[in-house]
Every structure is written in structure tokens, then in C-alpha cells.
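Each residue of the sequence shown is one higher than the last, beginning at 26 in this note's numbering. Cβ coordinates follow ideal geometry from the N, Cα and C atoms, glycine included. See below for the structure under consideration.
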Amino acid sequence: MRRAIISDIHGNLEALKSVLDDISSQNIDELYCLGDIIGYGPNPCECIDLIMDCDVCILGNHDQGAIFDPEGFSAGAEQAIFWTRKQLETADNSDGGNLKRWDFLLELDRNHRDGEMLYVHGSARNPLSEYVFPEDIYNVKKMERIFAVVQKYCFQGHTHVPGIFTEDNRFLSPQEVGFNFQLLDSKTLINVGSVGQPRDTDTRSCYVVVEDRMVEFRRVPYPLETTVEKVYAIPELNNFLGDRLREGR
């Protein structure tokens, strides 16, 4: 069984299409999405339509922010989510697309468990909104409490920074492991990175492929300037949301 796991698309249609094209060449059996389909980016409706075909999709904090009210968002992120909500409310509904998108978002679970593997957006302790950053390996108590609620392996997103967290408080970037990591018997957290807004200084989209216990990190280039120009053309989306795509931050 080969499973592709994506996360944090954030309305970036160009990135999502490029990643899906790459996935189609990888003999993938299942596709999982760890949330934040929307928010920040210029194509929320189109991205939801593509993600509806995933085998499993879970709720991200920006997805929830569009459904209800954003909590703990920066001013720019909040403005973007209100714009995103407006797109979902005013898109052409001649084919029932609006209702399908809302129903899809409303039915998303906060986590998914498959045997010894747990799938969340944020963390095992707080699936929706807790960040687990690489530097958190120095916050021993925080990591101990997160690992305490992990049965074996936890796949997550939210920070947009891919890598491996080990139970002995190490963080390994994809580069450090040669973009391939063999899961061992010890508990492990795997951040799959971001499709639509990478923040590890690499502008390419990131996702993982899992087969048995082997995790492969894949980087995919996409026409980011197309996305940047779309962001610039929308007054409600701060230009910074386009600028950061060029810097991978």
C-alpha cells in the first residue's frame, strides 16, 4: 500500500495541481490530506473541489475559520479567511457546488486513526491548532506530553516545515535523512510539510509518500509567480502572502 499525504494547500491551485500530477506518477493507492485546504491563497473553491476526491481529509484551523470565526489569527490571515468565506458563499451554485463545498468542510473530522498511525493537522494533543516547531525539541515537557498521547506514529502539518521528530528529542530535516526515513519501533512524529505555502526556505511544494514503514519526502516545483500575481490582484489578500511564496517562509 502506497499512501501520499499532503497538507496545508492554502488555496494555492498551481501548487496543488503540480503535486497531484506528481502523485499520479507515483503509483499511489491512497491520498490523505491533513487540512488547511483554504486560507491565504486565491483559489479556495477550486482547491476544495480537487481535495474532495481524497480518500481521507481532516480539518485544519483555516478550514474551521472559514466555517465559524477565526481564532488566534493574525490580521492578514483573518482578512484572508473572511475573503475566503465570501468566495465560498458567492461562487456559482448552478451545479450545487457551493453546498457541496460547505457540506464537505462541515463533515471533516479532527483526526484519523489507521492502526498504529494517527493523522492530525496540528498535534496529537491538540489536533486542530497546536504547533510543533523544530525548536520545540528543547521544550522537553511539551514534547513528552505530546508523545504521551501518540500510540506509535503521528503524521501532521500546520507549521509548513517538514521533518521528523524522534522520541529522544531530535528533529531531522528531510535533507538530513536523504529525503527517506525508515520508521522504527520508537514513537515518531512526521511533519509532511506544505503544498501551498512552504516555510523551510525551499519554495517547492512538499508532501510525503509512505509505503510500509518507509517515508519519502518529495519536493515539487510549481509556477509560483502565477499564484503570486493572483494574490497581488486581490485587495483583500495582503501582498505579503504572495511575497512569502518567493522566499519559502
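In this structure, DSSP gives Ile63 a state outside helix and strand, which the three-state scheme calls coil. For Arg269, the closest alpha carbon among the candidates His87, Gly101 and Phe158 is that of Gly101. Going by beta carbons, Leu249 and Val256 fall outside the 8 angstroms limit. Ranking Asp139, Gly182, Glu132 and Asp128 by CA distance to the CA of Asn151 puts Gly182 first.
In the structure shown, Glu241 adopts extended strand secondary structure according to DSSP, grouped into three states.
For the stretch 132-219, the continuous alpha helix (DSSP H) assignments of 4+ residues that do not extend past its boundaries occur at 165-173, in sequence order. Sorting Asn68, Gly122, Ser32 and Leu143 by C-alpha distance to the C-alpha of Arg224 places Ser32 at the top.
Nearest to Arg274 by C-alpha distance, out of Pro260, Ser230 and Glu71, is Ser230. The stretch 124-134 makes contact with the stretch 74-88; the number of CB pairs closer than 8 angstroms reaches 3 or more. Counting only residues of its own chain and dropping the five nearest sequence neighbours on each side, Asp161 has a CB closer than 7 angstroms to the CB of Lys167 and Met168. Counting only the Cα atoms, Pro159 lies some 27 angstroms from Ser43. Ranking Val217, Thr228, Leu124 and Phe242 by CA distance to the CA of Val145 puts Val217 first.
Residues of the same chain with a CB within less than 6 angstroms of the CB of Phe190, apart from the 5 flanking positions on each side, are Phe196 and Leu214 in chain order. By the Cβ criterion, the stretch 205-212 is not in contact with the stretch 49-61, since fewer than three pairs of Cβ atoms, one from each stretch, lie closer than 8 angstroms.
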